[in-house]
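Below: the structure, in structure tokens.
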Amino acid sequence: MSGFRREASDILDELDALRSADAPTHGGRVLSYVYDSGLAALDELAAEAARRVQPVNGLDPTTFVSVAAMERSVVGFARRVLGGDGGEAEAGRGEAEVVVGSVTSGGTESCLLAVKSARDTWRAARLGSPRVPRLVAPVTVHAAFRKAAHYFGLELDLVSVDPATGTLTPAAIEERLGDDVALVVLSAPSYPFASLDPVADVAAITAARGIALHVDACIGGFALAFWPEPLPAWNLSVPGVTSVSADLHKYGYAPKGASVLLTRGRDRQRHQYFATTGWPGYPVVNPTMTGSKPAGPLAAAWAIIEALGEPGFTELTAQAARATAALRATIDGIEGLRVVGSPTGPLLAVATDEDAPATSRVDPHHWADAARSAGWQLQLQPGLGQADGTRLPHTTHLTVTPVTERVLPELVAALVSAADEVRGIPQIDGGAALAGLVEALPGFVGDDGGLSALAGDEVLAGLAAGLDSDGAAAILGAAGLLGGEGALPDRLAPVLALVEALPGPLTERLLVELLARVVEPPAAVGR
Ligand SMILES: *Cc1c(COP(=O)(O)O)cnc(C)c1O
Numbered sequence: 064m065s066g067f068r069r070e071a072s073d074i075l076d077e078l079d080a081l082r083s084a085d086a087p088t089h090g091g092r093v094l095s096y097v098y099d100s101g102l103a104a105l106d107e108l109a110a111e112a113a114r115r116v117q118p119v120n121g122l123d124p125t126t127f128v129s130v131a132a133m134e135r136s137v138v139g140f141a142r143r144v145l146g147g148d149g150g151e152a153e154a155g156r157g158e159a160e161v162v163v164g165s166v167t168s169g170g171t172e173s174c175l176l177a178v179k180s181a182r183d184t185w186r187a188a189r190l191g192s193p194r195v196p197r198l199v200a201p202v203t204v205h206a207a208f209r210k211a212a213h214y215f216g217l218e219l220d221l222v223s224v225d226p227a228t229g230t231l232t233p234a235a236i237e238e239r240l241g242d243d244v245a246l247v248v249l250s251a252p253s254y255p256f257a258s259l260d261p262v263a264d265v266a267a268i269t270a271a272r273g274i275a276l277h278v279d280a281c282i283g284g285f286a287l288a289f290w291p292e293p294l295p296a297w298n299l300s301v302p303g304v305t306s307v308s309a310d311l312h313k314y315g316y317a318p319k320g321a322s323v324l325l326t327r328g329r330d331r332q333r334h335q336y337f338a339t340t341g342w343p344g345y346p347v348v349n350p351t352m353t354g355s356k357p358a359g360p361l362a363a364a365w366a367i368i369e370a371l372g373e374p375g376f377t378e379l380t381a382q383a384a385r386a387t388a389a390l391r392a393t394i395d396g397i398e399g400l401r402v403v404g405s406p407t408g409p410l411l412a413v414a415t416d417e418d419a420p421a422t423s424r425v426d427p428h429h430w431a432d433a434a435r436s437a438g439w440q441l442q443l444q445p446g447l448g449q450a451d452g453t454r455l456p457h458t459t460h461l462t463v464t465p466v467t468e469r470v471l472p473e474l475v476a477a478l479v480s481a482a483d484e485v486r487g488i489p490q491i492d493g494g495a496a497l498a499g500l501v502e503a504l505p506g507f508v509g510d511d512g513g514l515s516a517l518a519g520d521e522v523l524a525g526l527a528a529g530l531d532s533d534g535a536a537a538i539l540g541a542a543g544l545l546g547g548e549g550a551l552p553d554r555l556a557p558v559l560a561l562v563e564a565l566p567g568p569l570t571e572r573l574l575v576e577l578l579a580r581v582v583e584p585p586a587a588v589g590r
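64 is the number of the first residue of the sequence shown in the working numbering; add one for each residue after it.
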């Protein structure tokens, strides 16, 4: 080939232009999704390491032996800092309890594989059982476990938590245990409220009954491992914990595409693998969900670990911890807001202080929108009704990274003035938002012109089942959520109000439509 159709520089200029519309990945202005160590040299090192393995196929670590070497090294580091190294021999549990692991493409894949291993371990012990295995977890468990239950055919049994604190008692888990439980999952800490679940107490209960216990430390693992204050035991140092997930692309500061899943016991972990020789091609042996896979994220994570070592992680974690404490103090000092429960690790959730008089209350979603218009992106989380009839408050989430400490004065000022801007403005009435939406939909208003017959939950839920792509797009259009360039509206509080008011299946169908249409190429004109 004699040349490219376009100049490389021209293509990259276009990419830069596209990237300029993204939320900023560095500098601490986005308090979710991105984890900025604040060390440009570390990002450079990670990029160069990834570039050097760019052509490698991680599918076969016997052909590309660098992959095996780096994975051994990263798993070894994770095992050491997540409590998986010691104790077995002394405790007389021996080799059967050795902790092994895999590097996966991210937290979701680590969680999916933890569930698959547990399901298949459970099945192997009950050959021929027609029963559907059950997964027990607090309702605060990451959505990845809903996905895992869905993909792998487990019944999901979610336990309600205390709406004031986001935590639960070990007894609440114990009540749900039975022979059909293939796995209990706890979080260290949970994403929505940063609550640290009672790992040691639950582990004592599950271990006594021979039930597997996964600790999802995807977000917090590599921060809690270096946390400056003492914490209750939460990792593989607790004997009954059978697996732990921790994301390298969160507080391991690696580019996206890297997480670790550690599993106690080789035999348990071998259920994670898929192998087949039953086709005319090469023998397939996959430890993770993918076949061919990049080695770049692994190489980047490996290089970062080599560069930082435990002292580097300790220093970065201390920065994030100081910034988290400062933000907590700031929010405690803002009239009308409160921090939910007692968050553990570098994240927290903020709710309305219901003890304040109505005129002084601050709605966390209006607050987030006000902060957003000042250039700070906080993450809105919907309220949620629980099985026990209580309701978890709607909140705003902040993930704090080492770089947050550098922008703390500006951030604190922005959070305080955002609260001043919206103090006393009540939470958006989801029911009213819903009625407005229904009214905007011509075809939905019955002959009598009334909404009464349409606003019922059942009707709306039924609507989701029968909704096709164009119908969903029409509803999104009526809500003003479709038609742009895929950018979010300026204010998210009204969107979240709809999310809270609409029945789950309908919201989910609408969001699928929204995200699908965002990546749909424009219609081809002619042929
Ligand atoms: C981020 C996260 C996950 C899922 O991780 P992804 O990397 O986004 O796939 C799972 N559990 C918790 C607690 C998380 O914060």
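Cβ atoms here follow ideal geometry from the backbone N, Cα and C, with glycine treated the same way.
Buried or exposed by the 16-neighbour rule on C-beta atoms within 10 Å, applied to residue i
i                 : result
phenylalanine 140 : buried
alanine 537       : buried
isoleucine 74     : exposed
aspartate 510     : Bear in mind that a pLDDT of 43 at aspartate 510, under 50, signals an unreliable position, so the model cannot answer this.
threonine 422     : exposed
valine 187        : The residue asked about is misnamed: residue 187 is alanine in this sequence, not valine. By the 10 Å Cβ count, alanine 187 comes out exposed.
glutamine 117     : exposed
glycine 513       : Below a pLDDT of 50, predicted positions are generally treated as unreliable, and glycine 513, at 40, falls in that range; no measurement from the model is reported.
arginine 69       : exposed
glycine 493       : buried
tyrosine 345      : exposed
tryptophan 365    : buried
alanine 516       : Because alanine 516 carries a pLDDT of 45, less than 50, the predicted location of this residue cannot be relied on, and the following value inherits that uncertainty. The residue is exposed, with fewer than 16 neighbouring Cβ atoms inside 10 Å.
leucine 573       : buried
arginine 272      : exposed
methionine 133    : buried
valine 588        : exposed
aspartate 451     : exposed
serine 314        : Reading off the sequence, residue 314 comes out as tyrosine, not serine. Buried, by the Cβ-count rule.
Best match in the options for proximity to residue i [C-alpha to C-alpha]
i                 : options                        : result
alanine 110       : Leu81, Leu311, Ala362          : Ala362
glycine 399       : Gln449, Gln490, Thr339, Leu471 : Gln490
arginine 331      : Ala288, Tyr345, Val161         : Val161
leucine 246       : Ser300, Val485, Cys174         : Cys174
alanine 321       : Tyr214, Pro360, Leu578         : Pro360
leucine 249       : Pro350, Ala286, Ser308         : Ser308
proline 552       : Ser436, Asp531, Glu576         : Ser436
alanine 206       : Pro255, Asp76, Pro233, Val195  : Pro255
leucine 371       : Glu563, Trp439, Leu108         : Leu108
glycine 283       : Gly101, Thr407, Thr467         : Thr407
glutamate 172     : Leu311, Thr453, Val222, Ser83  : Leu311
phenylalanine 289 : Leu379, Pro318, Leu565, Trp342 : Leu379
arginine 327      : Tyr316, Lys313, Gly303, Phe337 : Gly303
tyrosine 316      : Ile268, Ile367, Leu559         : Ile367
threonine 167     : Gly540, Val301, Cys281         : Cys281
glutamine 440     : Glu77, Pro87, Met64            : Pro87
Boundaries (first-last residue) of the alpha helix (DSSP H) holding residue i
i             : result
threonine 387 : 359-395
threonine 326 : No alpha helix (DSSP H) holds threonine 326; the beta strand (DSSP E) holding it covers 322-327.
valine 348    : Run containing valine 348: none in the alpha helix (DSSP H); it sits in the beta strand (DSSP E), 347-349.
valine 93     : Unbroken run through valine 93: none, as it is neither H nor E.
proline 427   : 427-436
leucine 497   : 493-502
Segment limits, beta strand (DSSP E) that includes residue i
i             : result
threonine 339 : 337-339
threonine 462 : 458-462
Backbone secondary structure at residue i - three-state DSSP
i             : result
glycine 404   : coil
glycine 164   : strand
leucine 122   : coil
arginine 197  : strand
glycine 534   : helix
threonine 453 : coil
leucine 108   : helix
serine 83     : coil
glycine 567   : helix
serine 355    : coil
valine 413    : strand
valine 470    : helix
leucine 447   : strand
histidine 277 : strand
valine 588    : coil
valine 248    : strand
glutamine 117 : coil
Below-8 Å beta-carbon distance, residue i vs any chain B residue
i           : result
glycine 408 : Reference to chain B is not applicable here, since this structure consists of a single protein chain.
Inset, instruction - Any chance you could list the alpha helix (DSSP H) runs of at least 4 consecutive residues sitting entirely within the stretch 206-242, in chain order? - result: Runs of alpha helix (DSSP H) with 4 or more residues, each lying fully within the stretch 206-242, are found at 207-215, 233-237, listed in chain order.
Inset, instruction - Please specify which runs of the beta strand (DSSP E), each continuous and at least 3 residues long, are wholly inside the stretch 282-316, giving them in chain order. - result: Segments of the beta strand (DSSP E) lying fully in the stretch 282-316: 306-310.
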